[in-house]
Amino acid sequence: IYKQVVSEENGHCIWYGECYTDASMHIKNCIYDGPAKPLNSEGQKLLAKHCPHLLVDEGKGINTCCDTKQLTTLDSNIQLASNFLKRCPSCLDNLAKHFCDFTCGINQSKFINITEKDVADGVEYVNKINIYITNKYLDGTFNSCNKVSVPSTGQLALDLMCGEWGASRCTPLKWFHFMGDAENNIFVPFQITYINTDNPVGSFTPLDPPITPCNKALNKNTPACSCVDCEQSCPTPPPMPPLPTPFSIFGYDGYEVIMTIIFVCGSCLFLLLMMCFSHRKRIGVISSDELPAGFDQEQSTFIEKLGAGTDKFLQEFFCKWGTVCASRPWLILFLGFLLIVGLGHGIKYMKVTTDPVELWASPHSRSRIEREYFDKHFEPFYRNEQIIITSVGLPNIVHNTSNGPIVFGPVFNDTFLKTVFELQEGIKSIVTPNNYTLANICFAPLTGPFTGPTTVSHCTIQSIWGYWQDDLKKFENSEEEGNYTVNYLDHFRVCSQNAYNPECLALYGGPVEPAIAVGGFSSPGQDLHNPSYEKATAIILTLLVNNYHNKARLLPAMEWEESFINFMKNWTATKKPAFMDIAFTSERSIEDELNRESQSDIVTILVSYIIMFGYIAVSLGQIRSCARLLHDSKITLGLGGVLIVLASVICSVGLFGFIGIPATLIIIEVIPFLVLAVGVDNIFILVQTHQREGRRPNESIPEHIGRTLGQVGPSGLSDMPAVKAFALYAGMALLVDFILQITCFVSLLALDTIRHANNRLDVCCFIRSKRDDGEEVVDGMLYKIFKVAYVPLLLQKWVRAIVMIVFFGWLCSSIAVIPHIEIGLDQELSMPEDSFVLKYFKFLNNYLSIGPPMYFVVKDGLNYSNTKMQNLVCGGQYCNSDSVLTQIFTASKQPNRTYIAKPASSWMDDYIDWSGLSTCCKYFPTNNSFCPHTDRLCSTCNITLNEYNRPVPIDFNKYVSFFLQDNPDETCAKGGHAAYGHGVNYITDPKTGMSTVGASYFMAYHTILKTSADYFESMRAARVVAANITNMLNYNLKGHNENTTFLHIFSSLVVLITITMIVINIGGLMYWWHITLNAVSLVNLVMAVGIAVEFCSHLVHSFSVSVQATRVERVADALTNMGSSVFSGITLTKFGGIIVLGFAKSQIFQVFYFRMYLGIVLFGAAHGLIFLPVLLSYIGVMSRRRRGRAREFASGSETRRHKRDKPDSPLLQNNQQRASTSYASVNSIDVTDHHVTF
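Numbering (the working numbering) for the sequence shown: 533 to 1770.
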């Protein structure tokens, strides 16, 4: 029925009173075509509450077109809006004015047209109206309200009040259209159509209530809206500093340009010096032949005396020590065995860490300390069980609507979604062997003492099916509207724009965040502003499970997660349809996979070790023929050395097992590599030096071995402390290995020497071989290659020059790229290649389109009942312009710089709003305890508000616990239990009922983070915000020795230079081979220092004690004798074992161990055996006293050679060997002098 009401000159009423309530509990107004009627005193009180501008008495009393019942309904409706808009008084007042005018205004007929009437029980009522209203009012009201926030959700009020459009797409017309849409808005009692016009239409004059901008005070008692709710109230922020620009010179990378210039200039300078001093035998210090007479009689320096004394003491100590150990081998071995068994016993107490946080985060790091504080006070963040489902081969869906065709992603296929539903219901029905269900462990925010036992329907499940309340019938429901079908696709569109729509709330009573329920809808770099959720290419199921700081309480969750993973593996293998691909994980999966990964590569590790062990056992011997194989081999000695290495690891693990320091499986697998690198090198040097050093006349085997240990022992001391920082386990293993080497291995060497002297076979030592009086071969193949070919070639003048230039260029190129090494550990690398978690990580990176939550934590100590303290924290009216919430809000406006996507939730603001809503706070009259606001039998709290509309201190402390227990609903949306139940610590005094608030957090959301760099930068930006807030609060606010033998100081500098070059060049390798800098690679770099010392120290020590005349000759002497031992010991041993690591399933092993270890060994060998000798040939220095010895050695070399060639002991008969090592050169001068003088 349509009837146009003809308005009178001053207008009149169109309704009065309420006369009908329909099935939806919508109250209809009665038709009344007459003048306004007087309002009673009770009605006047209600009118004054929201509509003071209608309290006009023109001598006839207060007349209105509404009665008290209508005003009561109006009050409840404005109360609904007040839930969200009360934070901004001018917004709420602007909106309420037109509600007042069209409900009670005395001139309704001038701007309202009744377009439909209906009759019930003989009474005619209004069913549809048109309201003529100005654009000025619509725009002004919208502008005053469009930034009002809802702290508990981090959203804007219009996200909840503008229907399917949400705040991002809302306009004044859309907002008012939704507020009058009776069909789609359950809170609208009848259809209200707003007609916007600034000019009269026929007899109707548009309603034009005055508005108050949000940045203007409503009156002298009510201030303007805060910055958080009104952008116009925000002070102009200082300009952000410009983004740092890459360092460049002339448009090219600045580091590359600088290093290129340095390389060119350095190389030219070096070549110039080469040509200028080409007539000299060496650059810098002259040779011993050119020394002035009497020069060597000069007094030695303090450094030289200190070095000489230390070296003498160490050599004498190791000589005596070695003699003792070689004299009593069986006793030493027995004592060593007891040490190994004693320390190894601690293995049964060993604890192995697989928790990723324990593995990668230092206990003293800021992030770890902050997390520990958070977990202790608020419990850890929920355990996350997640499934990401994509389609395979399904087309997009084109859905025709009244707004034109809309393209939906393939995952919206109804069969696909029903399969997802079947999977979801199967997960919800999982029962573990101990009868735990999802209901026993899930996060259920709306449950409490008054809701009964938790069921699966209470569990927070972020699933697209929550939009249909997990009801297949609701999903299949569709209806025809004209030529279009309205079905589940339209419902998804509505819910994705307003997840808080009552028809879209999930079974647990809360919203389903669309950015969590679907994925793959955003392009790279796109934020969540006005997203197109319908273009999603993945469906995501997320189940939140309670987490606890007390790990003992996690056993039910761990058991359910194990059953969940088994269910998913079985479902994927047997029930997954061909049109679906799926990835899944649980909270425990990463830890489980790290554990499995460590065990899965045991075979690879064993093969690697076996190859290294086999090489050691075979290569230590000097085999002349197959007939002498078991006589000349040193398989037993090699295996003994290897067992000593393993025993040192066992001792280290056992010792720390006793102490209680946990280990990790990966570290246990890696430490033997380090100990082998150091220990095997010492074994080769000790054995090969012993082989090359003939036994002197009347020298016993123990004395011979003691003399050998005295020569090589001091250089072996450099190993352990150099890698001390690698780990306690590695440091202890190296220490034990060194002790066992200078005791047990020396004893084994003595026994092997006795075996060899007695012509007993290796391994089968009870069998004697025939005596062989033939020439004993001392020089092995590698030794001959070094002596005859490699050393002469390397030390040629221009070869040395080329080596210096090449290594200098290599160094410069590495320095140029090191600043560009990526930081972080890609989580995908932590998983084996066959892991289901690896697939999940890839899906997560491709499809998840929401950032992680972030928490700003305020420690306990603030008196929140004090208004001044409240103003430091809150974000609403009267709050400081630099409060905690305001600063976070301001930061969220620049997400590209701060990585904060949404403003933080604020329990303080919501508590203030909640306390001002008269129907929200209730208590049981019998004991004054909390009562849910939905219980009509409870009494309403009498909260006294101060001049700032906040609870007075007594009431603040009394009712804050009520707020934190109250569940939100449409009548009291500010209830804090769901949003803040875990976020606010408080202690209630049982005697007084007063609560004291302690630590609390304010949760925001990051922008979408994909890479390690994103996570690092977001943390850095969050800490900047936290630092600014801390400065404001003046309170603590969080954003969630070288123990070596004293060599000559110049030689130490040479070693330092070489080690630095090795580490820098490994850094260059990391850049070129895409190895990121993180805890794993950092440990490897520290370990590289230790192995680099091993490559350098023996050679430099050998060079230092050499008595050859010139630097080049000293280098040749040292490299010939020591270089082959280093090459055969550490280089070849590790190379064979490392190659096998390339076949490991673990990506961490492939990237961080295979690649880096290969680089460490190859780069170490290249620098130690190529660059270091060349560097020493240019800058090596000889002490004054050594020069005198060199002169003696040069003048008497022929005489000594003649004497040395004569057989002087039965053991060396027919042996024409030359004692050719540097150590032998020193000791051949004076057999009674066993120390080196500087």
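All C-beta atoms, glycine included, are put in the ideal place defined by N, C-alpha and C.
Asked, Found
"Contact between the region 1414 to 1422 and the region 1483 to 1503: three or more CB pairs below 8 angstroms?", "no"
"Around the Cβ of residue 861, are there at least 16 other Cβ atoms within 10 angstroms (buried) or fewer (exposed)?", "buried"
"Can residue 671 be considered in contact with the ligand ADP, in the sense that its beta carbon sits closer than 7 angstroms to one or more heavy atoms?", "The ligand ADP is not part of this structure, which contains no ligands at all."
"Can you list, in chain order, the residues of its chain whose CB lies under 6 angstroms from that of residue 551, leaving out five sequence neighbours each side?", "562, 655, 657"
"Cα-Cα, which of 762, 1676, 584, 1466 is closest to residue 1139?", "1676"
"Between which two residues does the alpha helix (DSSP H) carrying residue 723 extend?", "Element bounds for residue 723: not the alpha helix (DSSP H) but the beta strand (DSSP E), 723 to 728."
"Classify residue 1461 as helix, strand or coil using the three-state DSSP reduction.", "coil"
"Excluding the 5 residues preceding and the 5 following residue 1339 in the sequence, name in chain order all residues of the same chain whose CB lies nearer than 6 angstroms to its CB.", "1703"
"Would residue 1688 be called buried (16 or more neighbouring beta carbons within 10 Å of its own) or exposed?", "buried"
"Which one of 754, 697, 615 has the shortest CA to CA distance from residue 1481?", "754"
"What separation, rounded to the nearest whole angstrom, lies between the Cα atoms of residue 1586 and residue 795?", "20 angstroms"
"Can you tell me whether residue 690 is helix, strand or coil according to DSSP?", "helix"
"Do the region 1550 to 1559 and the region 1595 to 1610 touch if we need at least three Cβ pairs shorter than 8 angstroms?", "no"
"When the distance is taken between beta carbons, is residue 1534 closer than 8 angstroms to residue 1388?", "yes"
"If you run the structure through DSSP and keep just helix, strand and coil, what is residue 825?", "Since pLDDT at residue 825 reaches only 44, below the 50 mark, its modelled position is unreliable, and the value read off the structure follows with that caveat. It is coil, neither helix nor strand."
"Tell me the start and end of each unbroken beta strand (DSSP E) in the region 1469 to 1526 that is at least 3 residues and wholly inside, in chain order.", "1516 to 1520"
"Is it the case that the Cβ atoms of residue 1040 and residue 983 are separated by a distance below 8 angstroms?", "no"
"Do you know how far the Cα of residue 672 is from the Cα of residue 598?", "26 angstroms"
"To the nearest whole angstrom, what separates the beta carbons of residue 914 and residue 688, a pair I think is in contact under 8 angstroms?", "At roughly 25 angstroms, the Cβ-Cβ gap does not stay under 8 angstroms, so residue 914 and residue 688 are not in contact."
"Contact defined as beta carbons within less than 8 angstroms: I believe residue 737 pairs with residue 626. What is the distance between those atoms, to the nearest angstrom?", "Rounded, the Cβ-Cβ distance is 20 angstroms, inconsistent with contact."
"Can we say the region 1340 to 1349 touches the region 1489 to 1509, given the rule of at least three CB pairs closer than 8 angstroms?", "no"
"By Cβ distance below 7 angstroms, which residues in the same chain neighbour residue 1061 in space, the five residues on each side in sequence not counted?", "700"
"Can you tell me which of the three DSSP states residue 1377 falls into?", "helix"
"DSSP has residue 1364 in a bridge; who is on the other side?", "1678"
"How is residue 1428 classed by DSSP in three states: helix, strand or coil?", "helix"
"So, at 7 angstroms on beta carbons, what are the nonlocal neighbours of residue 1684 in its own chain, with the 5 sequence-adjacent residues on each side left out?", "1607, 1612, 1613, 1616"
"Relative to the alpha-carbon of residue 1711, which residue among 1693, 1646, 1690 has its alpha-carbon at the smallest distance?", "1646"
"Just the Cα atoms here: how many angstroms apart are residue 1336 and residue 1221?", "30 angstroms"
"Can you tell which of 1644, 968, 705, 898 has the C-alpha that lies nearest to the C-alpha of residue 1331?", "1644"
"Which runs of the beta strand (DSSP E) at least 3 residues long sit entirely within the region 723 to 782? Give them in chain order.", "723 to 728"
"Do the region 846 to 863 and the region 1265 to 1285 make contact, defined as three or more Cβ pairs closer than 8 angstroms?", "yes"
"Under DSSP, the alpha helix (DSSP H) around residue 1001 begins and ends at which residues?", "Taken as a continuous stretch (DSSP letters only), residue 1001 belongs to no alpha helix (DSSP H), as it is neither H nor E."
"What does DSSP give as the partner residues of residue 720 in its beta bridges?", "Beta-bridge pairing links residue 720 to no other residue."
"How long is the line joining the alpha carbons of residue 920 and residue 1090, rounded to whole angstroms?", "21 angstroms"
"Name the residue from 790, 969, 708 whose alpha carbon lies nearest to the alpha carbon of residue 723.", "708"
"Can you pull the DSSP bridge partners for residue 916?", "1076"
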